[in-house]
Amino acid sequence: MHKQHRALLPWLFALLLTLLCAFLLFSNLSRSGNTPSPATASLLLHYSFLPRLAIGVLAGMALAMAGLLFQQVLRNPLAEPATLGIAAGANLAMSASMIVFPGLLVVGLTNLALAGAALTALVLYLLIARQGLDPLKVILTG
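Under the numbering used here, think of the first position of the sequence shown as 975, with each following residue one higher.
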């Protein structure tokens, strides 16, 4: 296979999968006899499906960008937030707040996880900054 054809394969597969999902969705709607009115379908599309789709795409792009930044800065193709301990810091902050400080749940689990991840990244940076920011030391410290 040519390189151009190989590059198109994932896109063709994604298009085929999207068309298959759309076909199955519309065939089930018409078969049930409960097709929503155009106004209801429009409301669902604008206030439920599209925001979820947009947030999902943006979250995926943000996670991909975070992984790319870690890999480029540390010059290590295996670097990611989980291997550096940042994801563990976020999980620890959420778990500790649920068990030890349940009053902090008013802030929200997402915000607590972000604070835990930021605190973990700061501690890692402070531990590594004394010895020089060698990418290998960053990976091993994480």
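Virtual Cβ for every residue (Gly too), placed ideally from N, Cα, C.
Here the structure is a predicted model, which means the values were calculated and not measured.
Residue j beta carbon less than 7 Å from that of residue i
i, j, result
"Thr1115", "Leu1098", "yes"
"Gly1034", "Glu1054", "no"
Alpha-carbon to alpha-carbon, residue j and residue i
i, j, result
"Ala1092", "Ile1060", "8 Å"
"Leu989", "Ala981", "14 Å"
"Leu1018", "Leu994", "21 Å"
"Phe987", "Ala1038", "20 Å"
"Leu1069", "Thr1057", "The sequence shown places Ser at residue 1069, rather than the Leu named in the question. The alpha-carbon atoms of Ser1069 and Thr1057 are separated by roughly 19 Å."
"Ile1102", "Leu1079", "32 Å"
"Pro1051", "Pro984", "22 Å"
"Gly1106", "Val1047", "14 Å"
"Thr1094", "Gly1063", "5 Å"
"Gly1082", "Leu1088", "10 Å"
"Ala1067", "Pro1076", "12 Å"
"Tyr1021", "Leu1032", "17 Å"
"Leu1043", "Arg1049", "10 Å"
"Leu991", "Met1072", "40 Å"
"Phe1023", "Ile1029", "10 Å"
"Leu1027", "Thr1014", "18 Å"
"Leu1100", "Val1112", "11 Å"
"Arg1104", "Phe997", "59 Å"
Near the ligand GTP: residue i beta-carbon under 6 Å from a heavy atom
i, result
"Gly1030", "Because no ligand of any kind appears in the structure shown, any question about the ligand GTP cannot be addressed here."
Residue i versus the options, residue with shortest Cα-Cα distance
i, options, result
"Thr1084", "Leu991, Asn1065, Ile1029", "Asn1065"
Could you tell me which whole alpha helix (DSSP H) segments of length 4 or greater appear in the region 1009–1043? Correct list: 1012–1018.
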